[in-house]
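Student: Please read through the structure below; I'll follow up with questions.
In this note's numbering, the protein residues as written are 58 to 676.
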């Protein structure tokens, strides 16, 4: 939707500004330039010929690089790929023969030879395309495009020839397509519009277009369908048991059975080239462990369980080694290689600046704690304890809400802990990783029960030794920013002394109306349609409770945000202004959802630091 009023970059305040404290210095060895210097390594894939492709987030670009799987100097493939958030970007894909590489640039699929060259756009036949998957012949490609307000699948080739439509029905969105090993079939996800909590597994015969629903159950999500290397089985992840477990089914619809019974959520998996094993990433209380599963027996053995997050496991063609990404609270994301069966691990990329690496022995490993919320529900959380407390604490709710805080890299947590702040990141109701019941506990309840979980997090912080009850702040981004404003507006005990809302929502109704289709549907998963559940939308919108906010608020938002419209923060600032509340409000003309550009990120961190120092630390 076009904005009737064009928002421009601005900074304004109402009340006392948060001036930089001349009496406070950065913690020894730390500074904000160091905090924003990291070039994130992510989204890698391993080819059949032993080449690695990955994305590196730099100062202004998220470019594609390749390197040998045994290490060596990387080759830069792109030079103009726009910055993209790691949670909203695609993994580049190798052709089965390893000779070609596809990835997205500016909303279109591009192709480049293995040895490099100028990327060629192959989706000129449409306005945008994504999700490219290679056919087994390394010639054909299936891409996802939007048609009639639905995501559809098209078959083309690496020359970008005029495509053939594989799907045309408008009952839902078609995602995550996987061709069969013989190239005769594809399997994909169908997100039905008549049940947004449902994801089906669909088999389609390419020659005839005939479709079969292999798996589809009301209010049940089946994810990540993949073919076994011999084409005899289709695997997928389902929440049918209450946890995200792995299932198998034959292409004819027979033989459905649950393969794993881990009792924990399976986050990712990958068949071995022989089909005898699978690599699996299993979520254990926010630590994403690397496991090996025997496909015949279903038995699982641990490959690597360091407290951190393993992701995107890949097999070598001869199964002699694997590659994966790993990060932890003390190690930023990098690529690694593990030899099999010895389990010897070699680090392949080194993204940590030397100055930051020198601070590693001063970094804090969080501990897992829990506390009871208003209704007795146990809320898990990650607690960073400083070596020497300054008496202040920050509660940091994560985004999502369908997400969780885990043992990942968090530079803000490390920096503020080094300053003496206690840092608590709760996994409020609605977070993933704790079973379907917990994950759906905020359905039709946004901003109510989960806000209480945050308020009770402040009460938990008050019980910790050394924490001053009047020096607890709340800060978060996206849904965490929404939690911040909700907590400040529904805090009769004034548990929080201040709050920071980064690109958060304030009015669920107006934001729903301004969002693009996929984001409206995402909201409707939890809250239904506003025409049917208007009261739920109103109840969850902090804009209706602005008069109750008694503590200072810092609002930060990018004007290119299409996830949470920047108008949400504009509306909040206007309401705060009308009510005479104390706030600061800063927008960034060139930022999407999240802050990606280094200069802007530095400004954001600087504003956050002086705001928290001003309102939480005594003069």
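C-beta atoms are modelled at their ideal positions from N, C-alpha and C, and glycine is treated no differently.
The model shown is predicted, which means the values in this text are computed figures rather than measured ones.
Could you check what DSSP says for residue 464 in three-state terms: helix, strand or coil?
Tutor: In the structure shown, residue 464 falls within a coil segment according to DSSP collapsed to helix, strand and coil.
Student: With DSSP as the reference, identify every bridge partner of residue 268, one or two as the case may be.
Tutor: DSSP output for residue 268 lists 261 as bridge partner(s).
Student: On the criterion of 16 or more Cβ atoms from any shown chain inside 10 Å, does residue 251 qualify as buried, or is it exposed?
Tutor: exposed
Student: Considering residue 101, what are the terminal residues of the beta strand (DSSP E) in which it resides?
Tutor: Counting along the chain, the unbroken beta strand (DSSP E) around residue 101 starts and ends at 97-103.
Student: Got a sec, what are the start and stop residues for the alpha helix (DSSP H) residue 507 sits in?
Tutor: 506-519
Student: Just the C-alpha distance for residue 396 and residue 545, rounded to the nearest angstrom, thanks.
Tutor: One Cα belongs to residue 396, the other to residue 545, and the distance between them is close to 51 Å.
Student: Which first and last residues belong to the beta strand (DSSP E) in which residue 671 is found?
Tutor: That residue, residue 671, is in no beta strand (DSSP E); its alpha helix (DSSP H) goes 655-673.
Student: Would you please state the rounded distance, in angstroms, between the beta carbons of residue 316 and residue 306? I believe it to be under 8 Å.
Tutor: No, residue 316 and residue 306 are not in contact; Cβ-Cβ is about 10 Å, not under 8 Å.
Student: In this structure, what does DSSP give as the bridge partners for residue 200?
Tutor: 211
Student: Indicate whether residue 454 and residue 499 have their beta-carbon atoms separated by less than 8 Å.
Tutor: No, these two residues do not count as a Cβ contact at 8 Å.
Student: What are the uninterrupted segments assigned as alpha helix (DSSP H) that are 4 or more residues long and contained completely in the segment 394-465, given in chain order?
Tutor: 411-414
Student: Can you give me the start and stop residues for the beta strand (DSSP E) that residue 652 sits inside?
Tutor: Counting along the chain, residue 652 falls outside any beta strand (DSSP E), and DSSP gives it neither H nor E.
Student: If you reduce the DSSP assignment to three classes, tell me which class residue 560 lands in.
Tutor: coil
Student: With a threshold of 16 other CB atoms inside 10 Å of the CB of residue 152, please say whether the residue is buried or exposed.
Tutor: Burial call: buried.
Student: Please report the residue range of the alpha helix (DSSP H) in which residue 592 lies.
Tutor: 591-596
Student: What number of angstroms, rounded off, separates the C-alpha of residue 351 from the C-alpha of residue 320?
Tutor: 17 Å
Student: Extract the residue ranges of the beta strand (DSSP E) inside the segment 339-378, only unbroken runs of 3 or more that lie entirely within it.
Tutor: 344-351, 357-361 and 366-372
Student: Give me the residue from 88, 403, 239 and 485 with the minimum Cα distance to residue 378.
Tutor: Considering only alpha carbons, the answer is 403.
Student: Could you check whether the segment 406-421 touches the segment 140-148, counting it as contact only if at least three pairs of C-beta atoms, one from each stretch, sit closer than 8 Å?
Tutor: no
Student: What are the residues that DSSP puts in a beta bridge with residue 612?
Tutor: 558 and 642
Student: Along the chain, which unbroken stretches of the beta strand (DSSP E) at least 3 residues long are found entirely within the segment 300-327?
Tutor: 302-306
Student: Rank 162, 660 and 609 by C-alpha distance to the C-alpha of residue 680 and give the top, closest one.
Tutor: One cannot answer for residue 680 here, as it falls past the ends of the chain, which runs 58 to 676.
Student: If you drop the 5 nearest sequence neighbours on each side, which residues of the same chain put their C-beta closer than 8 Å to that of residue 353?
Tutor: 333
Student: In this structure, does DSSP put residue 487 in helix, strand or coil?
Tutor: In the three-state DSSP reduction, residue 487 falls in the coil class, being neither helix nor strand.
Student: Which residues in the same chain as residue 340 place their Cβ atom closer than 6 Å to its Cβ, once the five residues preceding and following it in sequence are excluded?
Tutor: 321, 322, 324 and 490
Student: Does the segment 505-525 come within contact of the segment 463-471, defined as at least 3 CB pairs closer than 8 Å?
Tutor: Between the segment 505-525 and the segment 463-471 there are fewer than three C-beta pairs closer than 8 Å, too few to call the two in contact.
Student: According to DSSP, residue 229 sits in a beta bridge with which residue or residues?
Tutor: 249
Student: Per DSSP, residue 218 is paired with what?
Tutor: BP columns for residue 218 are empty, so no partner.
Student: Express the C-alpha separation of residue 68 and residue 222 in angstroms, rounding to a whole number.
Tutor: 48 Å
Student: Based on DSSP bridge pairs, tell me the residues matched to residue 111.
Tutor: 122
Student: Helix, strand or coil for residue 238, going by three-state DSSP, please let me know.
Tutor: coil
Student: For residue 58 and residue 573, I'd like the C-alpha separation in whole angstroms.
Tutor: Residue placement at residue 58 is poorly supported in this model, since its pLDDT is 42, which falls under 50; the coordinates still yield a value, given next. For residue 58 and residue 573, the distance between alpha carbons rounds to 8 Å.
Student: What span of residues does the alpha helix (DSSP H) with residue 628 cover, start to end?
Tutor: 623-635
Student: Could you tell me the boundaries of the beta strand (DSSP E) in which residue 283 lies?
Tutor: 279-284
Student: Excluding the 5 residues flanking residue 154 on each side, which residues of the same chain have their C-beta closer than 7 Å to its C-beta?
Tutor: Cβ within range, chain order: 105 and 195.
Student: Quickly, what does DSSP pair residue 532 with across the bridge? List them, please.
Tutor: 557
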